[in-house]
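Colleague: Going by the working numbering, the final residue of the sequence shown carries number 980, and the count climbs one at a time with no gaps. For every residue, glycine included, the Cβ atom is placed at its ideal position computed from N, Cα and C.
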Amino acid sequence: SKYKKDILEYLMMHKDDYISGQKLAEQFNVSRTAIWKAIEVLKTQGYSVESIKNKGYRITSVPDHWDRDLLSYLLTDSIFQKQFVYEEVTSTQTVAHELLMEHDEPLLILSEIQTVGRGRFKRPWASKRDTGLWMSLVLHPNISYQQIATFNLFISIAIAEAIKNVTQLEPKIKWPNDVYINDKKVCGFLTEINGDSDGVHTIICGIGININHTIEDFDESIRDTATSFKLESKKETDRYIFIKALIDSIEHYYEAFLSQPFKELKEIYKGYSMIWDRTLRYTEGNKQIYGKAVDLKDDGVLVVLDDTGERHHFISADIEV
Ligand code: BTX
Numbered sequence: 660s661k662y663k664k665d666i667l668e669y670l671m672m673h674k675d676d677y678i679s680g681q682k683l684a685e686q687f688n689v690s691r692t693a694i695w696k697a698i699e700v701l702k703t704q705g706y707s708v709e710s711i712k713n714k715g716y717r718i719t720s721v722p723d724h725w726d727r728d729l730l731s732y733l734l735t736d737s738i739f740q741k742q743f744v745y746e747e748v749t750s751t752q753t754v755a756h757e758l759l760m761e762h763d764e765p766l767l768i769l770s771e772i773q774t775v776g777r778g779r780f781k782r783p784w785a786s787k788r789d790t791g792l793w794m795s796l797v798l799h800p801n802i803s804y805q806q807i808a809t810f811n812l813f814i815s816i817a818i819a820e821a822i823k824n825v826t827q828l829e830p831k832i833k834w835p836n837d838v839y840i841n842d843k844k845v846c847g848f849l850t851e852i853n854g855d856s857d858g859v860h861t862i863i864c865g866i867g868i869n870i871n872h873t874i875e876d877f878d879e880s881i882r883d884t885a886t887s888f889k890l891e892s893k894k895e896t897d898r899y900i901f902i903k904a905l906i907d908s909i910e911h912y913y914e915a916f917l918s919q920p921f922k923e924l925k926e927i928y929k930g931y932s933m934i935w936d937r938t939l940r941y942t943e944g945n946k947q948i949y950g951k952a953v954d955l956k957d958d959g960v961l962v963v964l965d966d967t968g969e970r971h972h973f974i975s976a977d978i979e980v
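(1) As an exercise, report each continuous beta strand (DSSP E) stretch of at least 3 residues that is fully enclosed by the segment 853-922, in chain order.
(2) Below 8 Å, can you find three or more Cβ-Cβ pairs linking the segment 790-806 to the segment 865-874?
(3) With distances taken from CA atoms, which of H799, R777, W834 is nearest V953?
(4) Using CA coordinates, which residue listed in I906, P920, H971 is at the minimum distance from D736?
(5) Confirm the yes/no value for this check: CB of L796, any heavy atom of the ligand BTX, distance under 7 Å.
(6) Express the C-alpha separation of E910 and D883 in angstroms, rounding to a whole number.
(7) Does the beta-carbon distance from Q740 to P722 come in below 8 Å?
(8) Between the C-alpha atoms of M671 and R717, what's the straight-line distance to the nearest angstrom?
(9) Short of 6 Å in beta carbon distance, which residues of its chain neighbour S975, apart from the five on each side in sequence? Order them along the chain.
(10) Identify every residue that forms a DSSP beta bridge with R940.
(11) So does S750 have its beta carbon nearer than 7 Å to some heavy atom of the ligand BTX?
(12) Under the rule that 16 or more other beta-carbon atoms within 10 Å means buried, what is V838, buried or exposed?
(13) Assign T850 to one of three DSSP states: helix, strand, or coil.
(14) In the structure shown, what three-state DSSP assignment does W695 receive?
(15) Thinking just about the alpha-carbon of each residue, which of E914, Y913, E891 is nearest to the one in K843?
(16) Grab me the residues of K922's own chain with a C-beta within less than 6 Å of its C-beta, minus the 5 sequence neighbours each way, in chain order.
(17) May I ask you to check if the CB of A785 is nearer than 7 Å to at least one heavy atom of the ligand BTX?
(18) If I follow the unbroken alpha helix (DSSP H) through R727, where does it start and stop?
(19) For the alpha helix (DSSP H) containing S815, name the first residue and the last one.
(20) Using C-beta distances below 7 Å, list every residue in its chain close to V1009, excluding the 5 sequence neighbours before and after it, in chain order.
(21) Identify whether L667 lies in helix, strand or coil by the three-state DSSP scheme.
(22) DSSP on V775, reduced to helix/strand/coil?
(23) Leaving out five residues on either side along the sequence, give the residues of the same chain with a beta carbon under 6 Å from the beta carbon of F743.
(24) Using three-state DSSP, classify Q704 as helix, strand or coil.
(25) Please report how far the alpha carbon of R937 lies from the alpha carbon of H971, in whole angstroms.
(26) Provide the residue span of the alpha helix (DSSP H) that contains Q752, from first to last.
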């Protein structure tokens with residue numbers, strides 16, 4: 660239906676009121692039949708629409724799959740005005756790399772399922788249907804290669820804060836690329852860049868978050884190490900409420916990333932961090948050590964002290980918890 664998006668937006672904007680078919684027809688200058696058809700489309704797409712005689716229509720619940728029109732309504736004020744929503748892709752990162760060739764503005768790419776979701780170092784990222792949030796964001800900063808080093812730090816605060824606000828759980832950042840809840844991985848993200856001799860011009864940030872997974876939704880291989888909001892909070896999270904909070908938070912911290920040195924957010928970051936005061940195994944390339952993180956430098960470098968008192972510097976490492 661041509662009018663589904665308009666009517667959806669109107670009903671969402673007046674979520675607590677009943678809106679009559681007559682009123683909608685006048686609002687959009689179409690027939691009552693056209694309105695009725697659009698409401699039927701909403702229903703087939705998973706919206707519950709209450710319809711009361713002499714009062715009108717009201718949306719009582721939204722679908723549990725991603726609907727691009729609802730997303731676009733929620734992100735009306737966002738910098739991500741170009742949104743791409745898919746049923747299935749290999750990886751939203753791969754799609755993002757293709758799309759950015761044709762678009763110069765910020766992009767948001769979301770898919771219900773990824774068949775070849777990927778983590779760092781070509782590791783697989785499990786991306787089951789309807790349960791999580793598998794998303795890539797394309798941003799166009801004008802920054803130096805040196806500046807990009809702290810991007811992940813800002814993004815991880817943004818993710819942790821959104822999780823905390825929406826779920827009331829206690830997310831912890833595992834430097835450099837993950838967010839954990841109760842010592843289990845709930846989110847992984849990765850940042851890829853395009854640049855030239857002048858610096859970085861494109862960031863492609865892929866974020867995977869386990870939301871409504873039950874334990875059976877995870878493969879054996881990650882069942883002991885992965886978790887979801889639902890497993891931790893014992894309740895479903897509305898993915899639309901979460902994505903809205905997440906995008907708001909990311910925009911806020913992206914703005915901070917562009918305008919403030921990381922130094923100013925270091926204490927907030929440390930407050931969310933889970934690696935302090937613990938002896939952990941650090942692996943970077945061929946190098947492997949056991950040690951305790953003792954400092955995070957302003958440029959994002961992590962300082963780790965090993966048993967013998969030697970200091971090691973990491974810009975990115977795998978940490979075993
Ligand atoms: P990573 O390399 O730190 O994490 C990958 C590792 O995490 C895997 O080897 C596996 O052990 C474990 N793992 C895999 N899937 C899950 C899961 N769903 N929950 C918890 N643990 C898991 C972190 O990489 C970066 C992941 C980014 C994923 C996003 S999703 C949207 C975008 N598209 C895409 O292909 N990747 C990014």
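Modeller: Quick look at the numbers:
(1) Listed in chain order, they are 858-869.
(2) Yes, they touch.
(3) Counting from 1 along the sequence shown, the entry for residue 953 is found at position 294. Looking only at H799, R777, W834, the smallest Cα-Cα distance to V953 is reached by W834.
(4) For this step, residue 736 is matched to residue 77 along the sequence shown. The shortest Cα separation from D736 among I906, P920, H971 belongs to I906.
(5) Locating residue 796 in the sequence shown gives position 137, where the first residue counts as 1. No, the ligand BTX has no heavy atom inside 7 Å of this Cβ.
(6) Counting from one through the sequence shown, the residue named residue 883 turns up at place 224. Counting from one through the sequence shown, the residue named residue 910 turns up at place 251. Here the alpha carbons of E910 and D883 stand approximately 33 Å from one another.
(7) In the sequence shown, counting from the first residue as 1, residue 740 sits at position 81. In the sequence shown, counting from the first residue as 1, residue 722 sits at position 63. For Q740 and P722, no; Cβs fall outside 8 Å.
(8) Position 12 of the sequence shown, counting from 1, holds the residue named residue 671. Position 58 of the sequence shown, counting from 1, holds the residue named residue 717. Roughly 9 Å between the two C-alpha positions.
(9) As a working mapping, residue 975 is identified with position 316 in the sequence shown. So the qualifying residues of the chain are P835.
(10) Against the sequence shown, residue 940 aligns to sequence position 281. In DSSP, R940 forms a bridge with Y949, E979.
(11) Here residue 750 refers to the residue found at position 91 of the sequence shown. Checking the 7 Å criterion, the Cβ of S750 is within range of a heavy atom belonging to the ligand BTX.
(12) On the sequence shown, residue 838 is found 179 positions in, with the first residue counted as 1. When all chains shown are included, V838 counts as buried.
(13) Taking the first residue of the sequence shown as 1, we reach residue 850 at position 191. For T850, the secondary structure class from DSSP, reduced to helix, strand or coil, is strand.
(14) By one-based count along the sequence shown, residue 695 stands at place 36. Secondary structure at W695: helix, using DSSP grouped into helix, strand and coil.
(15) Position 184 of the sequence shown, counting from 1, holds the residue named residue 843. Minimum Cα distance to K843 is reached at E891.
(16) As a position in the sequence shown, residue 922 is number 263, starting the count at 1. Only D957 meet the Cβ criterion.
(17) As a first step, residue 785 is located in the sequence shown; it is residue number 126 there, counting from the start. Judged by the Cβ position, A785 qualifies as a neighbour of the ligand BTX at the 7 Å threshold, a heavy atom of the ligand being closer than this.
(18) By 1-based counting over the sequence shown, the position of residue 727 is 68. Its alpha helix (DSSP H) spans residues 727-733.
(19) On the sequence shown, position 156 is the one that residue 815 refers to. It spans 810-826 - the alpha helix (DSSP H) in which S815 sits, taken as one unbroken run.
(20) Outside the shown range of the chain (660 to 980) lies residue 1009, about which nothing can therefore be said.
(21) To locate residue 667, count along the sequence shown from 1; it is residue 8. DSSP places L667 in helix when its eight states are reduced to three.
(22) As a working note, residue 775 is residue 116 in the sequence shown. In the structure shown, V775 adopts coil according to DSSP, grouped into three states.
(23) Working through the sequence shown from its first residue, we reach residue 743 at position 84. If we look at F743 and ignore the five residues flanking it on each side, its Cβ neighbours are I768.
(24) As a first step, residue 704 must be located in the sequence shown, where it is residue number 45. Here Q704 sits in coil by DSSP.
(25) For this step, residue 937 is matched to residue 278 along the sequence shown. For this step, residue 971 is matched to residue 312 along the sequence shown. Looking at the two C-alpha atoms, the distance is approximately 15 Å.
(26) Residue mapping note: residue 752 aligns to position 93 of the sequence shown, counting from 1. Residues 751-758.
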